[in-house]
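The opening residue of the sequence shown carries number 72 in my numbering; numbering runs sequentially from there. We treat Cβ as the ideally placed atom computed from N, Cα and C, and that holds for glycine.
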Amino acid sequence: MQNWQDEILKAWEAKKGKFKVSDDLRDRLATQFRGEVLYGEPMNAHTSMRVGGPADIFLKPVDLEDLKTIIRLAEEEQIPVTHLGSGSNTLVKDGGIRGMVVVPPATLSQCRLVDQGDDWGDLEVESAVKITRAVHSAREHSLSGLEPLVGIPGTIGGALFMNAGAHGVEMKDLVRSLTVLEKGGEVISLGREKLEFEYRKLKIPRTSFILSGIFRLKKGNREEISARMERYQKWRIEKQPLHFPNVGSVFKNPLPAKKGEKIPSAGQLIDEAGLKNVRIGGARISEKHANFIINENKAIARDVLVLINLARDKVKEMTGILLEPEVRIIGED
Ligand SMILES: Cc1cc2nc3c(=O)[nH]c(=O)nc-3n(C[C@H](O)[C@H](O)[C@H](O)COP(=O)(O)OP(=O)(O)OC[C@H]3O[C@@H](n4cnc5c(N)ncnc54)[C@H](O)[C@@H]3O)c2cc1C
72 MQNWQDEILK
82 AWEAKKGKFK
92 VSDDLRDRLA
102 TQFRGEVLYG
112 EPMNAHTSMR
122 VGGPADIFLK
132 PVDLEDLKTI
142 IRLAEEEQIP
152 VTHLGSGSNT
162 LVKDGGIRGM
172 VVVPPATLSQ
182 CRLVDQGDDW
192 GDLEVESAVK
202 ITRAVHSARE
212 HSLSGLEPLV
222 GIPGTIGGAL
232 FMNAGAHGVE
242 MKDLVRSLTV
252 LEKGGEVISL
262 GREKLEFEYR
272 KLKIPRTSFI
282 LSGIFRLKKG
292 NREEISARME
302 RYQKWRIEKQ
312 PLHFPNVGSV
322 FKNPLPAKKG
332 EKIPSAGQLI
342 DEAGLKNVRI
352 GGARISEKHA
362 NFIINENKAI
372 ARDVLVLINL
382 ARDKVKEMTG
392 ILLEPEVRII
402 GED
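Below you can see the structure in the form of structure tokens.
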């Protein structure tokens, strides 16, 4: 979808690397924004892969009003804004990010039961809440549905944007509505019927900042919910290389052309291409799970990108299947 930020981004791309934060912009941030402003902030400190060059301006708003100030300021000054949660699905290139990067304010960290019926409850979760905390909060209310997502790193904002999922359950199956911050600082609510989800993607303008989501969950037995959470958590520890920085599944699993058709997962395809354990610089295709790339020794984004391209090209050559990245790759080379 074309919007004001796409235009701005195009103009900025044309002057690649030439952007300087003006004194005027620094003044405006100093006087109008109450949160923390970090200039030239290395993105390896804010992404689970621990790679990525500097963001020109990294902003931590204190509350919703502060976040609105940023959205308005970016519009007025024609500066691209990148939204970020925990950076657990984001790979930032070594040249870093031009413009502003903004994370949700810590005040957006509530989970509350907002409605309930005989056998269901609606849990509202704000965007800064970690996914696993939301699952625990649902369990505290004896609400079931979110358990398969326990252990997925990241925020609820990122999970909604990514339509995160596991074990056959995705955000789209549980969400009833979203609240988002739009252009001009307007807060709007979007009902389920207005939300278009795809595999690992919610189709909303890149400029919409997700503030919260309401999940419709089933009432259940707390002990049974706990047991399921434990099972899913154990599965992650067994299957995923969690001892090294990584970004989760690098590629989406290919979708079958026909319902019921069985096709190999991205991990299987990469494994069959003989790429497990292949290393470039400080990055390696995991021995434990071939759809994971681990940062085992001070990798840079380029190392990871070379492995991504290698896996994509080799699998295409051997099977004809073109793997599509699940990880969001952003920034300049
Ligand atoms: C070990 C590991 C295991 C994982 N397992 C799974 C899994 O089983 N299933 C799965 O789906 N994913 C998995 N992931 C990927 C990742 O954890 C999820 O996609 C998660 O939801 C990302 O949340 P985040 O806050 O880190 O998002 P980020 O990486 O910060 O952002 C992801 C995208 O969302 C956008 N975004 C973030 N917050 C907002 C907001 N408030 N408003 C608007 N846009 C926003 C960003 O611009 C970006 O495009 C895994 C990752 C790791 C490292």
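{"Query": "Does any heavy atom of ligand 1 sit closer than 6 Å to the C-beta of residue 180?", "Result": "no"}
{"Query": "Which same chain residues end up closer than 8 Å to residue 127 when comparing Cβ atoms and leaving out the 5 residues on each side of it in sequence?", "Result": "90, 92, 110, 111, 167, 168, 169, 170 and 171"}
{"Query": "Alpha carbon to alpha carbon, how far is residue 292 from residue 272? Give it in angstroms, no decimals.", "Result": "31 Å"}
{"Query": "Under the criterion of a Cβ to heavy atom distance below 6 Å, does residue 366 qualify as lining ligand 1?", "Result": "no"}
{"Query": "Any heavy atom of ligand 1 within a distance shorter than 6 Å of the CB on residue 360?", "Result": "no"}
{"Query": "Pick out the complete alpha helix (DSSP H) segments inside the segment 78-155, 4 residues or longer, and give them in chain order.", "Result": "94-103 and 135-148"}
{"Query": "For ligand 1, is there any heavy atom lying closer than 6 Å to the beta carbon of residue 159?", "Result": "yes"}
{"Query": "What is the rounded straight-line gap between the Cα of residue 405 and the Cα of residue 145?", "Result": "The chain is shown from 72 up to 404; residue 405 falls before or after that span and cannot be answered."}
{"Query": "Taking the CB atoms as reference points, tell me whether residue 365 and residue 312 lie closer together than 7 Å.", "Result": "yes"}
{"Query": "Since residue 248 is in the beta strand (DSSP E), which residue starts that stretch and which ends it?", "Result": "246-252"}
{"Query": "Applying the 10 Å Cβ sphere with the 16-neighbour rule, what's the burial state of residue 317?", "Result": "buried"}
{"Query": "So residue 270 and residue 219 are in contact, right, with Cβ under 8 Å, and what is the actual spacing, rounded?", "Result": "Wrong, their Cβ atoms sit about 16 Å apart, outside the cutoff."}
{"Query": "Consult DSSP for residue 363 and reduce its assignment to one of helix, strand or coil.", "Result": "coil"}
{"Query": "Counting only the same chain and skipping the five closest in sequence on each side, list residues whose C-beta sits under 8 Å from that of residue 141.", "Result": "104, 130, 132, 152, 171 and 173"}
{"Query": "For residue 353 versus residue 369, is the C-beta distance shorter than 7 Å?", "Result": "yes"}
{"Query": "Between the beta-carbon of residue 65 and the beta-carbon of residue 322, is there less than 7 Å?", "Result": "The first residue shown for the chain is 72 and the last is 404, placing residue 65 beyond what the model contains."}
{"Query": "Going along the chain, which residues of its own chain have a beta-carbon closer than 7 Å to the beta-carbon of residue 115, five neighbours each way excluded?", "Result": "121, 122 and 123"}
{"Query": "Skipping 5 residues on each side, what residues in its chain have a beta carbon closer than 6 Å to that of residue 267?", "Result": "274"}
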